[in-house]
Every structure is written in structure tokens, then in C-alpha cells.
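J.:
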Amino acid sequence: MLTVNSLGKFQLTDGNVVVNEDDLRSIMLSKLLMYILLYRDKTLTTEDIATAIWQDEEIDNPAGALKNLMYRLRKNLAKYFGNQDFILTNRGSYRWNTDVEVNLDIEQFEKLINEAKQENVYERAILMYEQAIAIYQGDFMTKLTDMHWILTLNTYYHSLYLTCVKALSELYLKMERYEEMERICTDALKLENADEQLYCYQIEARMHCGKINLAFDSYDEARIIMEKELGIRKTTILNKVYEELMAISKGGVSYNISEVKKDIEEENPSGVFLCGYPIFKEIYHLEVRKSTRSDSPENLVLLTLEPKKEDTKEVAEFRIKQAMNGLEETICECLRVGDVAAKYSDSQFILLLPTCTKDLAMLVANRIVSKMYEKNSKYKKVNVKINIEEVSQDGNLVD
3 MLTVNSLGKF QLTDGNVVVN EDDLRSIMLS KLLMYILLYR DKTLTTEDIA TAIWQDEEID
63 NPAGALKNLM YRLRKNLAKY FGNQDFILTN RGSYRWNTDV EVNLDIEQFE KLINEAKQEN
123 VYERAILMYE QAIAIYQGDF MTKLTDMHWI LTLNTYYHSL YLTCVKALSE LYLKMERYEE
183 MERICTDALK LENADEQLYC YQIEARMHCG KINLAFDSYD EARIIMEKEL GIRKTTILNK
243 VYEELMAISK GGVSYNISEV KKDIEEENPS GVFLCGYPIF KEIYHLEVRK STRSDSPENL
303 VLLTLEPKKE DTKEVAEFRI KQAMNGLEET ICECLRVGDV AAKYSDSQFI LLLPTCTKDL
363 AMLVANRIVS KMYEKNSKYK KVNVKINIEE VSQDGNLVD
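Everything in the sequence shown is counted per my numbering, starting at 3 for the first residue and increasing by one.
(1) Could you compute how far the alpha carbon of Asp43 sits from the alpha carbon of Met326?
(2) Let's test the definition: count the other Cβ atoms within 10 Å of the Cβ of Met248 and tell me whether it reaches 16, buried, or not, exposed.
(3) Let's test the definition: count the other Cβ atoms within 10 Å of the Cβ of Asp24 and tell me whether it reaches 16, buried, or not, exposed.
(4) From Ala80 to Leu26, what distance separates their C-alpha atoms?
(5) Can you tell me where the beta strand (DSSP E) with Ala196 in it begins and where it stops?
(6) Can you name, in chain order, every residue of its own chain whose Cβ lies under 6 Å from the Cβ of Gly397, other than the five neighbours on each side?
(7) Buried or exposed for Asp101, please, with buried defined as at least 16 other CB atoms from any protein chain shown within 10 angstroms of its CB.
(8) Can you give the Cα-Cα distance for Thr48 and Leu302, rounded to whole angstroms?
(9) What are the partner residues of Cys277, as DSSP defines its beta bridges?
(10) For Ala363, does the count of other Cβ atoms within 10 angstroms reach 16, so buried, or fall short, so exposed?
(11) Would you call the region 338–346 and the region 380–388 touching, i.e. three or more CB-CB distances under 8 Å?
(12) Could you spell out the range, first to last residue, of the beta strand (DSSP E) harbouring Ile352?
(13) In terms of residues, what are the limits of the beta strand (DSSP E) holding Leu9?
(14) Going by alpha carbons, who is nearest to Val366 out of Ile388, Asp348, Ser347?
(15) For a test of the three-state rule: what should DSSP assign to Ser220, helix, strand or coil?
(16) Check whether the region 304–323 touches the region 345–355, counting contact only when three or more Cβ pairs, one atom from each stretch, lie closer than 8 Å.
(17) Quick one, which of Asn92, Ile390, Val21 has its alpha-carbon nearest Tyr82's?
Structure, rendered in C-alpha cells:
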């Protein structure tokens, strides 16, 4: 039997020899092997495989290139696991040899979670969820997420892991196993730091363990993330645990203004203020009100990522998603303290540039686009449309 780990690390073992991703010495071999393992119960055509591992790259002779790559893969597998036929060849197609049994971690991971959902006995369900979490050593094939099919599975198993952690947290809560609840939530937040429910479970666990200061730390971190990523100041769920925290720690005590100021002040503010769109709107409304007492110009900049005409819908969505990450990083690098930015849609960022003329705003926008393209040549596969409008003192946009 060949055991394959793909969560957190890519590793193969037959029980005697362990082969890591680095041992294959080729990202392309990793892509090819993972694709064949995922579809090991199917016969795969040359076209199927070439499309999967090269995506939209132009290959002069895909059948020949795949033949050479397949030869290298077979040679590597034979080097570590002996001369057996792991991959069978037919005319114009390949398939995994079903005589070679494979234990793939993602399949076992999903099986345990599905069984736990059906289990009515708490202790048995807890054990299954714990086993599933133990398998999840990290996200699926993180070095290969430039592939559409890898990214889709990466997202799916990441979501399934979070579902597992929350289900187990709920059972721990019922069984009053708070230390274990805190541990799994803390681990999960290292992989997903923008999940409000995880923070709530972590805060509740820390409160029950008497770790009040740590619970407040969790709340503060959650609040910042919610505002930045989702533009939400305080949701019903987070507000509920916050009120519990306040009741435990502050109660009816009054505080002086210095203590209040210390509680709300921001340490070492630097760079652009990146927030969610609802917060952006409130800041915009405040800036419009302030502008009635100032002649300083302010401009809104809308940056829109647009696909190339020849891209399919799937390719366009993939490229825009990747480029949006690069655009966010570049905005944070280029803008100043006092500037405000927010994600407006899946393909747009909106910027508010105080004390900035329209001409200067255009220079700033062009600099952001240029630096984004410099960051990664793949981002050049999307177009960036720039719209700039000056904000009048009555709050309306003017040409």
C-alpha cells in the first residue's frame, strides 16, 4: 500500500521508504502525480492530463512533453518503491494501476467527518472529529495552488476543516472540555484568522478556563479582523461574548478618561487604513462633513480588474482572484497614513485620498498598477481600469 499525505505536506510512503516533495525534484512531477492519484479510478486521456498540469500554457507538443514527464515520474517511483507498474499506458491514455492500493489522507479525512456527523454518541463523534483534525496538518497542496483544480480542492478541504473544528468545539462545550476547545480553536485560527465563530469559541473557552486577559486579546484580534476583512464593527455573535467578558471583568466599575483613551488608542499608526466597505462609507461620510470647513481636495479612486477577452469564465475568475491579492498588497505598500482603502467587490478596490488633487490621484493610481505588475508578471494577464472622481463639499462626486 502507498500512503499519500497532501494536507500540509506532500509525502508518499510504503511503510519503509518516505518520499517528500523535494525528493521528486520537480513541481511538474508533483502536479502530474497528484492529478493521477486523485483520479486513479479513471482512464485519463493525454488531453485531460495536459490541460490539468499545463493549464493555459502553450505547449508545442503536449503529447510528447507528457510522455517525457511520465517517464521521469515512473523512474522516480521505481527508484524509491521498486520496479512495479504504478502507471499503466494505453493508446493516448494513462491510468493508475489499481493493483497498487493507495491510502490518500484527504479521503480518510472526509470519511471521518461524514461518519462523525452521523454519530449520535458524543464520545464516539468526538473521537472521529479528533482523528480528522489530526490528519489535517495544513492546507491541501499549498505549493501548487496556481492550478485551478488544486485551488478548488484547497478551498474545499480548508472549509471542511473549519466545519470539523466548529462541530468538535460545540461538542467540547457540551462536555465542558474547555482546555481542548481552546487548543483546537487556537490551532485553527493560525490557518484561518478571519472566522468570527472560531474566535467566539476561543473566547468562550478562555473565559471558562479563567484566562480573562487572553479572552480580551482574542476579542480585540477578532474585532480588528472583522473590521478590516468584512467591514463589520460588532456582530451579534461577537457582541454576545463581549458582553459576557465585560460582565466578568469590568462589571459596574467606572473608569477615568485616561483609561478609556488608552483602551481605544491605536499604537504606531502607519500606512493606509485598509478596512471593509461599510467602514469605508462611514469614513467617507465623515470626510465629506469635514470638507465643509476645508478647501483641501479629496478624490475617490476605483480600481477595477478586468479579464482579457480571450479568457474563459473559469480562467478569468482565477486570474482576477490572484491579481486581487497582489493589488491589495501593492495598495498597502504605496499609500500613506491618512489614505483609506477597501475592497468594493470581487474585482475592485476603492480608495479615498485626502488632500490629493485629481492629477496627483491619477499618478498614485498608475503607480499602484505599475508596482502590481512588477510584483508578479502573471498579474499582467488582467487589465486594470482606473476611475477617479473628486468629492464635492455636498458629498456628491464631480467630474
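For glycine and all other residues, C-beta sits at the position ideal for the given N, C-alpha and C.
T.: Taking the definition as stated:
(1) For the purposes of this step, residue 43 is taken as residue 41 along the sequence shown, with counting starting at 1. For the purposes of this step, residue 326 is taken as residue 324 along the sequence shown, with counting starting at 1. Cα to Cα, Asp43 sits roughly 36 Å from Met326.
(2) Reading the sequence shown from its first residue, position 246 is the one you call residue 248. Classification for Met248: exposed.
(3) Within the sequence shown, residue 24 is the residue found at index 22, counting from 1. So Asp24 ends up on the exposed side.
(4) If you number the sequence shown from 1, residue 80 lands on position 78. If you number the sequence shown from 1, residue 26 lands on position 24. Cα-Cα distance, rounded: 12 Å.
(5) Taking the first residue of the sequence shown as position 1, residue 196 is located at position 194. From DSSP, Ala196 is part of no beta strand (DSSP E); its letter is neither H nor E.
(6) Stepping through the sequence shown from its first residue, residue 397 is reached at position 395. Reliability of the predicted coordinates at Gly397 is poor, the pLDDT of 47 falling under 50, and no value is obtained from them.
(7) Position 99 of the sequence shown, counting from 1, holds the residue named residue 101. Asp101 comes out exposed.
(8) Taking the first residue of the sequence shown as 1, we reach residue 48 at position 46. Taking the first residue of the sequence shown as 1, we reach residue 302 at position 300. Spanning the two alpha carbons is a distance of roughly 50 Å.
(9) Reading the sequence shown from its first residue, position 275 is the one you call residue 277. Answer is Ala344.
(10) The sequence position of residue 363 within the sequence shown is 361, counting from 1. Counting Cβ neighbours within 10 Å, Ala363 comes out buried, since at least 16 surround it.
(11) no
(12) Counting from 1 along the sequence shown, the entry for residue 352 is found at position 350. Residues 350–356.
(13) Numbered from its first residue, the sequence shown carries residue 9 at position 7. From DSSP, Leu9 is part of no beta strand (DSSP E); its letter is neither H nor E.
(14) For the purposes of this step, residue 366 is taken as the residue at position 364 of the sequence shown. Checked all of Ile388, Asp348, Ser347; the closest Cα to Val366 is Ile388.
(15) Taking the first residue of the sequence shown as position 1, residue 220 is located at position 218. DSSP places Ser220 in helix when its eight states are reduced to three.
(16) yes
(17) The residue given as residue 82 occupies position 80 in the sequence shown. Nearest in C-alpha terms to Tyr82, of all of Asn92, Ile390, Val21, is Val21.
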